[in-house]
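Mapping to this note's numbering: the sequence shown position 161 is 160, numbers consecutive. Where a beta carbon is used, it is the ideal one built from N, C-alpha and C, also for glycine. Quantities reported herein were computed from a predicted structural model and do not represent experimental measurements.
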Amino acid sequence: MDAQVTPESFTFLNLFLRADWVVKLVMIGLALASLASWAVILDKLFRFAALNREADRFEDAVAAGRPLEDLAAEAGESPRHALPRMLQGALREWRDARGKTGSDSQAAFLIQRIDRVLDTVIARESQRIEDGLGLLAIVATASPFVGLFGTVWGIMRSFQAIAVEKNTNLAVVAPGIAEALFATAVGLAAAIPAYIAYNKFSTDAGRFTARLEHFADDLATAIQRRLAERV
0 MDAQVTPESF
10 TFLNLFLRAD
20 WVVKLVMIGL
30 ALASLASWAV
40 ILDKLFRFAA
50 LNREADRFED
60 AVAAGRPLED
70 LAAEAGESPR
80 HALPRMLQGA
90 LREWRDARGK
100 TGSDSQAAFL
110 IQRIDRVLDT
120 VIARESQRIE
130 DGLGLLAIVA
140 TASPFVGLFG
150 TVWGIMRSFQ
160 AIAVEKNTNL
170 AVVAPGIAEA
180 LFATAVGLAA
190 AIPAYIAYNK
200 FSTDAGRFTA
210 RLEHFADDLA
220 TAIQRRLAER
230 V
């Protein structure tokens with residue numbers, strides 16, 4: 000170990016360059032994991048903002064009393080948002096069953112078919128918006144332990160070097176210990192944002208799924224009202 004210790008010896012770059020190759024690999028892996036988690040975080044921030052903004056607009060149009068058929072037609076053939084897809088699916092089942100719902104059993108069967116269509120859309124959308132959360136969970140839980148492994152390895156190497164040199168001077172020990180502890184700092188820097196983001200986006204995903212379920216209930220109620228008016 001070099002006994003010449005200066006303030007520059009403790010910069011992040013020097014701590015990385017002086018570290019053992021195993022500790023370097025740990026730091027590089029943690030840095031890549033952090034970059035991947037930040038990519039997911041930014042994607043989710045923009046995606047949830049866009050989803051809720053579009054949902055607000057569509058729900059306002061429905062609440063304004065506009066005909067559901069008009070709203071479904073305006074959404075196009077393959078809408079990206081789940082709400083117009085749910086509306087189109089419900090109306091498609093309604094049109095297919097038109098003139099065949101004379102009995103109560105036929106009406107109940109139509110409601111069941113619509114519920115299945117809406118549940119399918121909700122399940123697929125929930126899975127889509129939860130993509131990437133697994134990565135955040137892995138980074139949040141594993142990064143501190145990976146960083147701790149780098150720290151333990153670095154400290155072990157530092158004590159080995161101290162034993163070989165037979166020098167316990169603090170100036171000799173400090174750089175090696177700092178290099179090892181830097182791995183834990185990198186692990187925490189990767190884990191903390193991922194942990195916070197995972198909890199936030201899990202909550203956001205649950206809220207958006209609940210929003211879809213409420214809209215599905217409103218659609219089912221509207222179809223039931225139409226059936227009642229035909230009786």
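>> Once DSSP output is grouped into helix, strand and coil, what is the label at alanine 177?
In response: Judged by DSSP in its simplified three-state form, alanine 177 adopts helix.
> Taking all protein chains shown into account, do 16 or more other C-beta atoms lie within 10 angstroms of the C-beta of glutamate 178, making it buried, or fewer, making it exposed?
Replying inline: Counting of Cβ neighbours within 10 angstroms places glutamate 178 among the buried residues, the total reaching 16 or more.
>> Which residue wins for smallest C-alpha separation from threonine 220, given the options Arg79, Leu90, Asp69 and Ile137?
In response: Nearest option by C-alpha distance: Leu90.
>> Rounding to the nearest angstrom, what Cα-Cα distance links leucine 132 and alanine 81 in this structure?
In response: A direct Cα-to-Cα measurement between leucine 132 and alanine 81 gives close to 20 Å.
>> Among the candidates Phe207, Arg225, Ile222 and Ala215, whose CA atom is the shortest distance from the CA of glutamate 53?
In response: Restricting attention to Phe207, Arg225, Ile222 and Ala215, the CA atom closest to the CA of glutamate 53 is found in Phe207.
> Mapping DSSP to helix, strand and coil, what is glutamate 76?
Replying inline: The three-state secondary structure of glutamate 76, taken from DSSP, is coil.
> Are the beta-carbon atoms of leucine 134 and serine 36 separated by less than 8 Å?
Replying inline: Cβ distance < 8 Å, so leucine 134 and serine 36 count as in contact.
> Along the chain, where does the alpha helix (DSSP H) that runs through aspartate 95 open and close?
Replying inline: First-last of the alpha helix (DSSP H) with aspartate 95: 81 to 95.
> What did DSSP end up calling proline 192 once you bin it into helix, strand or coil?
Replying inline: Helix at proline 192.
>> Could you tell me the alpha carbon to alpha carbon distance between leucine 147 and tyrosine 194, rounded to whole angstroms?
In response: Leucine 147 and tyrosine 194 have their C-alpha atoms roughly 17 Å apart.
> Between which two residues does the alpha helix (DSSP H) harbouring arginine 52 extend?
Replying inline: It spans 20 to 62 - the alpha helix (DSSP H) in which arginine 52 sits, taken as one unbroken run.
> On the three-state DSSP scale, how would you describe glutamate 129?
Replying inline: Coil.
> So is alanine 49 in contact with chain B if we call contact Cβ pairs under 8 Å?
Replying inline: Absence of chain B from the displayed structure is noted, only one protein chain being present.
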